[in-house]
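One structure is given here, and the rest of the page talks about it.
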Amino acid sequence: VEEARVEGDAVRLSGAGLRRRWMGDLGLREAGRGR
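Its first residue numbered 14, the sequence shown is counted upward by one per residue in the working numbering.
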């Protein structure tokens, strides 16, 4: 049970990190195009 909970947290954290990086890439691309 403990292992499953830790694994779930890792998946959720990695998903949040990927989404944040993806949104950051979009933001940089939009800013670069706006310049």
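Glycine included, each C-beta is placed from N, C-alpha and C at the ideal position. These figures come from a predicted structure and were not determined experimentally.
Excluding residues up to 5 positions away in sequence, nothing lies with its Cβ nearer than 7 Å to the Cβ of G28 in the same chain. Short of 8 Å from the beta carbon of A17, and not among the five residues preceding or following it, lies no beta carbon of its own chain. Leaving aside the five residues that flank L31 on each side, none in its chain has a CB nearer than 6 Å to its CB. CA-to-CA, the gap between G45 and E15 works out to about 45 Å.
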